[in-house]
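Participant:
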Amino acid sequence: MRGLTNRFGSQTVHEDLDLDVRRGEILGVVGGSGTGKSVLMRSILGLREPDAGSIHVLGADARSGRFADRQHITRNTGVLFQDGALFSSMTVGENVQVPLKEHHGEFPERWYFELALLKIKLAGLPADALDKLPAQLSGGMRKRAGLARALALDPPLLFLDEP
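Counting from 1, one number per residue, gives the positions in the sequence shown under the UniProt record's numbering.
1) Cβ of Leu153 within 9 angstroms of Cβ of His103?
2) Could you check which residue in Ser10, Phe81 and Leu118 has the C-alpha nearest to that of Leu40?
3) Would you call the segment 93-103 and the segment 132-148 in contact, with 3 or more CB pairs under 8 angstroms?
4) Could you check how far apart the C-beta atoms of Ala52 and Ile73 are, in whole angstroms? I think they sit under 8 angstroms.
5) So Thr77 and Leu157 are supposed to be a Cβ contact under 8 angstroms. How far apart are they, rounded?
6) Can you tell me whether His104 is helix, strand or coil according to DSSP?
Here's what the structure looks like:
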């Protein structure tokens with residue numbers, strides 16, 4: 001990332017920010033509430049258009065607007081948002097299956113179920129969480145369900161917003 005600038009009206013959140021993270025590195029961004037951590041993540045992921053700068057994620061240009069770049073970033077990143085961002089009308093298992101079906105829609109239904117169960121257990125949830133709706137879970141369990149979904153595609157790059 002080079003020269004990233006994010007503004008909200010007259011308020012500058014990031015100005016001329018440069019950042020390099022190499023494969024295998026772990027980076028934690030720490031700061032108080034409202035300091036721009038989530039804005040930074042959303043900019044890197046292409047979910048927010050920054051005011052200036054260039055962003056490359058795993059070789060793809062996050063600001064190009066090209067479908068191939070967007071798809072490359074989406075397929076190769078897992079994201080855990082602050083609130084888990086689960087679909088309220090879907091079970092935990094169905095939520096975990098969303099990225100699998102979106103990017104690998106040609107497999108038998110049983111394959112999705114088994115992989116969702118594996119990711120749920122990997123995230124520290126009991127197997128019976130698979131059939132629960134997000135509203136039936138505690139806040140911590142919802143966070144782990146969001147983590148299971150973020151891990152669904154075994155992404156080489158993982159973003160965790162307030163894990």
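No residue lacks a Cβ here, since even glycine has one placed at the ideal position from N, Cα and C.
Facilitator: Here's the rundown:
1) yes
2) Closest in alpha carbon position to Leu40, among Ser10, Phe81 and Leu118, is Phe81.
3) yes
4) So it is not a contact: roughly 19 angstroms between Cβ atoms.
5) 5 angstroms
6) coil
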